[in-house]
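Novice:
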Amino acid sequence: MSDLLVEPSSTSHAQRVIGGLLRSREIAVLSVLVALILVTTFKSHGFLFSSTGWRDLLLTPSLLLILAVGQTVVIITRNVDLSVGSILGLTAYLTGKLFSDHPNLPIVAVFVIGMLFGAALGLVNGVLVAWGKVPALVITLGTLYIYRGAFLTWAGSDRINASDLPKDFLKLGTQQVLTIPVLTIIAATVLVVVGYVLYTARSGRELYAIGSDPDAADLYGLPVTRRVLLAFVTSGALAGLAGIVYVARYGTVSSGAGSGIELQAVGAAVIGGVAIFGGSGTVWGAAIGAFLLVTINRALPILGISDFWQQAVVGALILAAVVLDRVLTLRQERQLVEARDR
Amino acid sequence: MSTPVLDRPADATTYAAHAHPLWRRALVTPEVAVIALLVLVYAWSNANVANFDNPLTLYYLFLDTAPILLIALPMTLVIVTGEIDLSVASVVGLSSVVVGMLHHDAGLSIPVAAALAVVMGMAAGALNGFLVAYVGLPSLAVTIGTLALYRGIAVGLLGTEAVTDFPDKWTDLAKERISEGSSYPMVLVPFVILLVLFAWLLHFTSFGRGVYDIGLNSEAAHFSGVNVELTKFWLFVLCGAVSAFAGVYYTLRYGSARGDNATGLELSVIAAVLLGGVSIFGGRGALHGVVAGVLLIGVISSAMRLENYTVNVINIVIGVLLVLSVMTTSLLGRARSLAARARGGGPRPPRRRNAVAAAPASESSTEDSGTQERHPE
Amino acid sequence: MKFRNRRLSALAAVSLVAGLALSACGGDDGDDNASDGGGGSSDTFVFLPKNLGNAYFDTSDNAGKAAIEGWGGTYQEVGPDKASPDAQVPFINTAAQQGVAALIVSANDKEAICDALNEARDAGVKVVTFDSDVNPECRDLFINQATAEGIAKVQVDMISEQIGDSGEVAILSAAANATNQNAWIADMEKQFAADHPNITLVDTVYGDDDDQTSFDKTAALLQAHPDLKGIISPTTVGIAAAARYLSTSDAKGKVMLTGLGTPNQMREYVEDGTVKEFALWNPGDLGTLAAFAAKALVDGDIKGDEGDTFTAGDLGEFTVDADGSVLLGEPYRFNADNIGDFDF
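Protein chains in written order, with numbering that gives the first Met the number 0: chain A, 0 to 341; chain B, 0 to 376; chain C, 0 to 343.
(1) Residue range of the beta strand (DSSP E) that R24(A) falls in?
(2) Specify the secondary structure class of S232(C) as computed by DSSP and reduced to three states.
(3) Quickly, what does DSSP pair D202(C) with across the bridge? List them, please.
(4) Between N353(B) and chain C, is any beta-carbon pair separated by less than 8 Å?
(5) So the alpha helix (DSSP H) Q180(C) belongs to, where does it begin and stop?
(6) So, under 8 Å CB-CB, A185(C) and Y205(C) are touching, yes? Tell me the CB distance rounded to an integer number of Å.
(7) Please name the residue or residues paired with N334(C) in a DSSP beta bridge.
(8) Distance, Cα to Cα, R24(A) vs G271(A)?
(9) Looking at C-alpha atoms only, which residue of D259(B), V322(B), G297(B) is the closest neighbour of L93(B)?
(10) Skipping 5 residues on each side, what residues in its chain have a beta carbon closer than 7 Å to that of S8(A)?
(11) Using a Cβ-Cβ cutoff of less than 6 Å, which residues in the same chain neighbour L251(B) once the five nearest sequence positions on both sides are dropped?
(12) Quick one: residues in its chain with C-beta nearer than 6 Å to the C-beta of V244(A), no 5 flanking neighbours on either side, listed in chain order?
(13) Ignoring anything shorter than 4 residues or poking outside the region 45 to 92 of chain C, list the alpha helix (DSSP H) runs there in chain order.
(14) In angstroms, rounded to a whole number, what distance separates the CA positions of H221(B) and D215(C)?
(15) Taking S105(C) as the query, report the chain B residues whose CB atoms sit under 9 Å from its CB, ordered along the chain.
(16) Taking the Cβ atom as the reference point for each residue, do L47(A) and V126(A) lie within a distance shorter than 8 Å?
(17) Going straight from the alpha carbon of S361(B) to that of V77(B), what length do you get?
(18) Where do the N-terminal and C-terminal ends of the alpha helix (DSSP H) with S336(B) fall, by residue?
(19) Output, in sequence order along the chain, the residues in the region 64 to 77 of chain A whose CB is closer than 8 Å to any CB in chain B.
(20) Along the chain, where does the alpha helix (DSSP H) containing E6(A) start, and where does it finish?
(21) Within 10 Å of its beta-carbon, does G197(B) have 16 or more other beta-carbons around it, so buried, or fewer, so exposed?
(22) State the Cα-Cα distance for the pair N263(C) and F341(C), rounded to the nearest angstrom.
(23) Quick check on DSSP: helix, strand or coil for F343(C)?
(24) Would you mind sorting Q331(A) into buried or exposed? The rule is 16 or more other CB atoms within 10 Å of its CB.
(25) Return the first residue and the last residue of the beta strand (DSSP E) that T145(B) is part of.
(26) If we require 4 or more residues per run, which alpha helix (DSSP H) segments fall completely within the region 107 to 141 of chain C?
(27) Report the rounded CA-to-CA distance for Q190(C) versus K152(C), giving the unit in angstroms.
(28) According to DSSP, simplified to helix, strand and coil, what is G258(C)?
(29) Applying a beta-carbon distance threshold of less than 7 Å, which residues of chain B neighbour S213(C)?
(30) Near F56(C), what residues of its chain come up, given a Cβ to Cβ distance below 6 Å and the 5 sequence neighbours on each side ignored?
(31) Going by beta carbon distance, what residues of the same chain come within less than 8 Å of K348(C), once the five residues before and after it are set aside?
(32) Would you please state the rounded distance, in angstroms, between the beta carbons of V98(B) and V247(B)? I believe it to be under 8 Å.
(33) With H, G and I counted as helix, E and B as strand and the rest as coil, what does DSSP make of V336(A)?
(34) I'd like to know if the region 258 to 276 of chain C and the region 288 to 298 of chain C are in contact, where contact means that at least 3 CB-CB pairs between them fall below 8 Å.
(35) Quick one: list the residues of chain C neighbouring N401(B), beta-carbon separation under 7 Å, in chain order.
(36) Looking at the unbroken alpha helix (DSSP H) that takes in V77(B), where does it start and where does it end?
Given below as structure tokens:
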């Protein structure tokens, strides 16, 4: 009798990689996205084949994409960050104020300041969660209130209008490089960088360990507090970046900026295969999830469904994704148990 | 003494938790702290905030916080079992839309529409309960999904239109006072009934004991004979039903049925419940603290609004209170265990000898693991 | 002893949170909207627009403020950040509790705030609506910027001139329940049917007076109706957002945009050719007139019946119409020739 629990696979390495890829959640969501785009384009060619359509297709999801990536980093550690919408709003207003008070600031400086500001707000979350050992759900719920309230108190009934912003910055909102919008390039860069770090860097891999089993990670000697802090700082910094992108895209900031988007970010991550209990999932999946959510919203009116139903579609997708995850996990458990008992 | 596994004082006849007299156990609790705070804030506002002693103040306070008061009751039970239900506000909105559409489009009378809305709420809660209890999904993920789904259905049905032509008889009833000139609106009657019902359910039935047991350790509860799945299922159904009823009240009170009614209400409910001393980890909490928590938030909002603070400042205060209340519990817990360790202290829970200190993911575990092996010398 | 620790810690918790709450409630009267915290005197006039953060209401409310402070009264502005019907009720309740002199409201819905307004009137508060009315039984006076037909007609005329009197048009409105919006849209539909049979109104979408929503809805409109020739947006937030989207899309110049907008927000788009012409009245005058009307009610000069007259400072004398409304004037058309003359 063999003393191996599971027989070595008889397929080749290449076959296994491709098989794994094909069976992955990311590819599944990507195929849903592609199918949606095809169906909508069939109904209205302009959706894909006009210059505005192509531009909007790539541009509109870039905001949620950045937020979904940040949310993924936090969810992987078995936490959640509900305050990203408020951080986005605050940073957007800060950006607008910086530009209107100091019109000659270089745009790169504003990007840096915005991200640092978001990182500082994320740091507050991280300190309370990592050191206070309080569940992230409660803390970020509280900071959602606090940051949104601070934003409204600071802004009052003031709004940032397009006329307050420098032309170069506003152009960023629609500028394209080889037909790819600049904002999408920014989002894609964020995605690649964070994805690479999570996959290859020690600190990134440790996040997965912490999410899988916090106690084991602690006993193993991983710097849990520091990593969780890092996760929240990243989420905050990315929310800050998203705030700047928001201003570039929409050109105005009102008191409602970003409210409600945190649940969409969590939804995008969950649909993209990030387990809500932490420990698994990739930023690629979350990015595709974000793309899917926004494209559904844009496609519904063309398909003749009032876009009021968009939220219902999002909710159904989240539920389907979570149920699917569970079913697959159970099946995998069963298979492993059978293999063990054989 | 070499390695006794259990170190209890020889004369110990009670559990550590019952080592103190009844009055101390009842009064020195987070719930009483919140009640004391409520009394303090109310008295201070009465004295110092202009127009606070206007008879309208209490009246509006109860009218405004009634939905939160109602929903906080089943939410307490849900959180005590260690789950959470973020979809309650969406059920309020959906129930509002259902009442509006059934009345306006289908011509049904308000009581029939309201009853159907409550049934719909039970169905919504049943979906939550089924997915959490029987399929075994984490309640955070499920209720985030149903939050979006139910709100989406509500908005999808009505768009951003609102149904506002409700008969005066019913909108007046929603705001009527118990007796002429009193500050207490009629809506407090169903609230008090539900409060008594939930208090009885939680503290005087085995169902209620089961709720606490599940929160403390659901595996142990299962093996003690508690039907964990059924309990959780019924709690979510109750949450849905009460939320739907709160939705009916909300609609009639504001005279407007709209898909995005009560957006964000779930955060207020959870904030109030946690403020009231219920632990987010489950296993502890009581209803009197929760009621005090809701009223505390209501009094603070009311006083601040009378002082012309905007809603945002009020929200900041609520957020800070929420964070502080949870942090205080956590810090106090750690301070207590630190102090206990420093004294080499009294009755301690038994230690497993081959400790992979598989303690629950709560505050004191990581501090205690591996650092202290000494026994009372 | 452990129990002393626990009691001490409970005491610490109580005093900590109490200290915070007291300091939050107590300290700063500095940053309210009123001149001194606490309101509730009989010379306080409260403006309650549809929502805060709306440039149109900023103008009207500031003009009202100037008028009120001109006669030595106290001005206050409160409001929700979302333009939904039930969001205004808590503010009306607070005004009733504070016993202010008058409440000047632009309503998000015709019926929803009626009960709250009547409760305020029972508490002695005078209720004046402006810009968007409620059921006449719940208010003392309504200050109307122009007749609904006049407002509808000017927009219908402008769009038919700009698209050559035939083609598909759509409306980008504000909140679905806003009384004034629905009145104007109903009139527009009548006029399209009667006078412009070749123009088809294909869709009405709602931007909720939220900039981002209006921006996204404009994008969706253009996607869903590729043959669209014109968009009418009878809301200053909507037209500004739609103009911003159009000016960076390839529909600029092909899809005509008109509606009600403020000169300052629209100047850039008139100059770059996205918008040819749009209309409005002076919201500042509207706010001033509303303030003076409220004062006349509070002082007892008028009761709100037909035929009552009162003076509104520099604006002159006004007479109350049959249904308790006071008319400001006519809408004014803004285009490239005259837009430089205005600053609001």
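Heads up, the beta-carbon is just placed ideally off N, CA and C, and yes, glycines get one too.
Specialist: Answer, in terms of the structure:
(1) Where R24(A) is concerned, there is no enclosing beta strand (DSSP E), although the alpha helix (DSSP H) it sits in stretches over 24 to 42.
(2) strand
(3) A169(C)
(4) Caution is warranted here: a pLDDT of 42 is assigned to N353(B), below 50, making its placement in the model unreliable, and the coordinate value is therefore given only provisionally. Not closer than 8 Å to any Cβ of chain C, the Cβ of N353(B) fails to qualify, so no.
(5) 178 to 194
(6) No, A185(C) and Y205(C) are not in contact; Cβ-Cβ is about 15 Å, not under 8 Å.
(7) E276(C)
(8) 7 Å
(9) D259(B)
(10) R15
(11) W169, T170, A173
(12) L62, L182
(13) 54 to 69
(14) 51 Å
(15) Under the 9 Å cutoff, chain B gives no residues; its nearest Cβ is about 16 Å from S105(C).
(16) no
(17) Residue confidence for S361(B) is low, a pLDDT of 41 falling below 50, so the modelled location carries little weight; the figure read from the coordinates is stated next. Looking at the two C-alpha atoms, the distance is approximately 19 Å.
(18) 310 to 342
(19) none
(20) First-last for E6(A): undefined, no H or E at that position.
(21) Reading off the sequence shown, one finds Phe at residue 197(B), where the question assumed Gly. Label assigned to F197(B): buried.
(22) 8 Å
(23) coil
(24) exposed
(25) Element bounds for T145(B): not the beta strand (DSSP E) but the alpha helix (DSSP H), 138 to 157.
(26) 113 to 121
(27) 7 Å
(28) strand
(29) Those do not exist, as S213(C) stays about 12 Å from chain B at its closest Cβ, beyond 7 Å.
(30) P48
(31) There is no way to answer for residue 348(C), as the model of chain C reaches only from 0 to 343.
(32) 6 Å
(33) helix
(34) no
(35) What is shown of chain B runs 0 to 376, which leaves residue 401(B) out entirely.
(36) 54 to 79
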